[in-house]
Each structure stands twice: as C-alpha cells, then as structure tokens.
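Chemist: The structure's right below; bear with me while I get my questions together.
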Amino acid sequence: MKPWTISHADMLDAIKRSKAYASGDDSGAGTLGKTYTSKDVAFIHATTGYNVIAMRGLTAVVDDNGFSASADGTDPANQIASAIEGARSHGALKGEITPDYAKSMISYYAGFMKDFPADWQDKALRFLGGTEKSQSELVTDRTTAAV
1 MKPWTISHAD MLDAIKRSKA YASGDDSGAG TLGKTYTSKD VAFIHATTGY NVIAMRGLTA
61 VVDDNGFSAS ADGTDPANQI ASAIEGARSH GALKGEITPD YAKSMISYYA GFMKDFPADW
121 QDKALRFLGG TEKSQSELVT DRTTAAV
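Residue numbers (my numbering): 1 to 147.
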C-alpha cells in the first residue's frame, strides 16, 4: 500500500477515535484536538449525524461508514464543521459553543443553502442545553440510535 493511500479500515479507525474524543477521551484525539474541542466534535455529530475525523494531518466529515458528506465539501455538514474550525483558528470562537452561537451559525447557512436540513437547529439546541445527560452519554445515545 502506498503511504498516501487510505484504506476503509483506516477510515473506520479514525471514526472510532473521533467518537472516543467526542465522548471526552482525549487519548486518541491527535490532530483533531488541535482544531476542535471534544465538545465541538460531539456537537457536529449530534447536529448533523456526521463525524469529524483526522487522518494524516487532514480533517474530513464522514458518515459512520467512512463515506464523505460530499465530494466537493459544499454540503451542510462540511459547512458547519468548517465554520467551527475557522472560528476557532481565527479566535472568534473561544470556549464552548453556546446556543446563541449555534443559532446564529445555523441560521446563516440555512439562509442560503437550499438543501440545509430543517431539523439541525433543534438538534443543536437540544444537544447544547436540553438534557441532563453527560457528553459521553449523549454521544453514546446518538451512536446507538443511528444503528
């Protein structure tokens, strides 16, 4: 296998590490932890159903089977992940994502993306404040429900 080839097993391993990081286990975060907080990763998964993974210095947004949200990165899940990444890297987002930040970001993208899922704001707000469950329990619940 060539060093730049990524196998399906590599993708599944990256998804497993992403879900562990989203649950609060920082041990396998790698480069994902340099770009996103563990709660960012959990928020993206809870809101979109997609996983943010890091492999070989790159990040990607993929489903639970390792398939990209889109080939060109213009789908809503990639846009949400990119908005968080950009806001973190430029210092506009410090601390945790708040309900107000989530509403503003989602409203912005929903305003010009015709295929933006209507239920994502509800999912985001439910994740951010409408539960007594821990971050680990939330990620586990969403992973189990998707199966």
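Yeah, the Cβ is synthetic: ideal placement off N, Cα and C, and Gly gets one too. Everything numeric in this text was worked out from a predicted model, so none of it was measured.
Does the stretch 39-50 come within contact of the stretch 77-85, defined as at least 3 CB pairs closer than 8 Å?
Modeler: yes
Chemist: By DSSP, does Asn65 sit in helix, in strand, or in coil?
Modeler: coil
Chemist: Determine the burial state of Leu93: buried for a count of at least 16 other Cβ atoms within 10 Å of its Cβ, exposed for fewer.
Modeler: buried
Chemist: Using the Cα positions of Gln121 and Asp13, report the straight-line distance between them to the nearest angstrom.
Modeler: 29 Å
Chemist: Quick one: give me the first and last residue of the alpha helix (DSSP H) that Met113 is part of.
Modeler: Segment: none, Met113 is in no alpha helix (DSSP H) and carries neither H nor E.
Chemist: What is the C-beta distance between Ser70 and Val62, in whole angstroms, given that I count them as a contact (C-beta under 8 Å)?
Modeler: 10 Å between Cβ atoms; not a contact.
Chemist: Using a threshold of 7 Å, state whether the C-beta atoms of Ala124 and Phe116 are closer than that.
Modeler: no
Chemist: Does DSSP classify Ala87 as helix, strand or coil?
Modeler: In the structure shown, Ala87 sits in a helix (DSSP, three-state: H, G or I).
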